[in-house]
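Notes to accompany the following structure.
In full-length UniProt numbering, the protein residues as written are 1 to 351.
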């Protein structure tokens, strides 16, 4: 496992332009596989248009205490991009007037933003129905200043969505680093101890699974059952739902696919598993993604490829929901990852 981000290594794939060039060439340029635009045109889904906006997803920064092998954000301790208070204030103004019912904070590790707690306190007053923080769990144990995060989350009724690649130590540590599994289990106990996923508390704790290799996730419901049984029997841990997410062929996962000579096979698998029913509910149709520096994107993955929204409105400072709702969604070959099988989004399967 790498200990540095692609950006810190000055790898060619740290450039969104180079990633898009790679995805547009090879088997797609040769015509061996249809481009995503060609595929959704065949099934009558082009152009892809947004529906009612439901989710505002804010990336508070790319800094993270982990360097995971699959990370599409290319996050890590060496990433210094952090959302400023000024941009946070612009986001707060939008949160107060948006029709969206869910606020989703992500990173990196969003908790590492120095103004994270201030922002949560301010945003929690806005009356958002579902207030999500996506935590990697190990951040809770990374430093004493984070040890009280479970209590802080509880105080503000935060819906915690936590990454746990598998319910076994070997697979989790292989993907996320040595010792990550044991720290994750301890953090889950801490969340359970303050009431998360416990009957009658209303405190929601969901887990996120994504495959550790070049294969697609299996059935989400079956996987959730396996996770619940294993974590309860082995560690006495409770959680609410499991979200199963397909790894998209971008950033560090794309690097892995190329290095392991699995890229073409993986893309064939994604295209073969294309499900037009999943296209109807992909996350870009009900979500606006806001980057650490305030730019607007159709989804978190487009953000990492620097594919800004196709709208006159491109920055949080000029936010206009009506104009954004009238846009066409930007697509490329990575979008196959969200439409394979039961589909994939930040909320798990979609079909």
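Think of the CB as a built atom: it goes at the ideal place given N, C-alpha and C, for glycine as much as any other residue.
Check, Outcome
"I'd like to confirm the pairing. Which residues does DSSP put opposite residue 63 in its beta bridges?", "76"
"Considering only C-alpha positions, which residue in the set 148, 103, 339, 201 is nearest to residue 275?", "339"
"Within 10 Å of its beta-carbon, does residue 125 have 16 or more other beta-carbons around it, so buried, or fewer, so exposed?", "exposed"
"Based on Cα-Cα distance, which residue from 195, 188, 215, 272 lies nearest to residue 232?", "188"
"How big is the Cα-Cα spacing for residue 96 and residue 103?", "11 Å"
"Flag this pair as yes or no: are the beta carbons of residue 5 and residue 117 separated by less than 7 Å?", "no"
"Can the beta-carbon of residue 210 be found closer than 7 Å to that of residue 245?", "yes"
"Can you give the Cα-Cα distance for residue 112 and residue 344, rounded to whole angstroms?", "27 Å"
"Taking the beta carbon of residue 298 as the centre, do at least 16 other beta carbons fall within 10 Å, making it buried, or is it exposed?", "buried"
"Report the rounded CA-to-CA distance for residue 256 versus residue 7, giving the unit in angstroms.", "15 Å"
"Does the Cβ-Cβ distance between residue 101 and residue 132 come in under 7 Å?", "no"
"Please go through the same chain and pick out, in chain order, the residues whose beta-carbon is closer than 7 Å to the beta-carbon of residue 341, but skip the five residues on each side of it.", "216, 273, 275"
"Of the residues 37, 10, 41, 252, which one's Cα is nearest the Cα of residue 214?", "252"
"Taking just the CA atoms, how far does residue 200 sit from residue 254?", "42 Å"
"Going straight from the alpha carbon of residue 271 to that of residue 33, what length do you get?", "8 Å"
"List the whole-angstrom C-beta distance separating residue 48 from residue 325, where the pair is believed to meet the contact cut-off of C-beta under 8 Å.", "The Cβ separation is near 13 Å, so there is no contact."
"Beta-carbon within less than 8 Å of residue 223's beta-carbon, same chain only, minus the 5 sequence neighbours each way: which residues are those?", "209, 217, 242, 244"
"Near residue 45, which residues of its chain fall below 6 Å by C-beta distance, leaving aside the five closest residues on each side in sequence?", "279"
"By a C-beta neighbour count over all protein chains shown, 10 Å radius and 16 as the cutoff for buried, is residue 107 buried or exposed?", "buried"
"If you draw a straight line from the alpha carbon of residue 1 to that of residue 71, how long is it in whole angstroms?", "Unreliable placement is indicated for residue 1, whose pLDDT of 49 sits below 50; no coordinate value is reported for it."
"According to DSSP, is residue 40 helix, strand or coil?", "helix"
"According to DSSP, is residue 334 helix, strand or coil?", "helix"
"Quick one: Cα of residue 262 to Cα of residue 154, how far?", "42 Å"
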